[in-house]
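Notes follow the structure.
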Amino acid sequence: IKDFTAVINPPQSSILAVGTSEDRAVVRNGQIVAASMMSVTLSCDHRAIDGALGAELITAFKKLIENPVMMVV
Numbered sequence: 001i002k003d004f005t006a007v008i009n010p011p012q013s014s015i016l017a018v019g020t021s022e023d024r025a026v027v028r029n030g031q032i033v034a035a036s037m038m039s040v041t042l043s044c045d046h047r048a049i050d051g052a053l054g055a056e057l058i059t060a061f062k063k064l065i066e067n068p069v070m071m072v073v
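The opening residue of the sequence shown carries number 1 in the numbering used here; numbering runs sequentially from there.
Right, here's the structure in full:
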């Protein structure tokens with residue numbers, strides 16, 4: 001599954017949908033290289049979680065996925 005949007009089920013206030021990773025062509029330093037990328041979708045009940053807080057969560061998740069050693073340091 002490349003990407004999807006998960007449905008929030010009460011009493012949950014948010015849910016994170018994570019798609020599979022795949023190699024994609026990206027440009028780095030003027031060169032085309034392969035990079036492993038995946039889709040992540042956060043669904044939030046805005047009565048409980050502000051969108052800005054959800055964005056902070058996704059940013060923190062991205063940093064940990066890109067640098068997993070940070071989870072043990």
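Backbone N, C-alpha and C define an ideal beta-carbon position, used for all residues, glycine too.
- Contact check for I8 against S43 passes: the beta carbons are separated by less than 7 Å.
- A direct Cα-to-Cα measurement between M70 and A52 gives close to 23 Å.
- Distance check between T59 and each of E22, L16, V73 places L16 closest, using alpha-carbon atoms only.
- Excluding the 5 residues flanking it on each side, I32 has same chain C-beta neighbours closer than 6 Å at A25, in chain order.
- With contacts defined by Cβ atoms closer than 7 Å, A34 and D23 form a contacting pair.
- Relative to E66, the option among T5, R47, M38 whose CA is nearest is M38.
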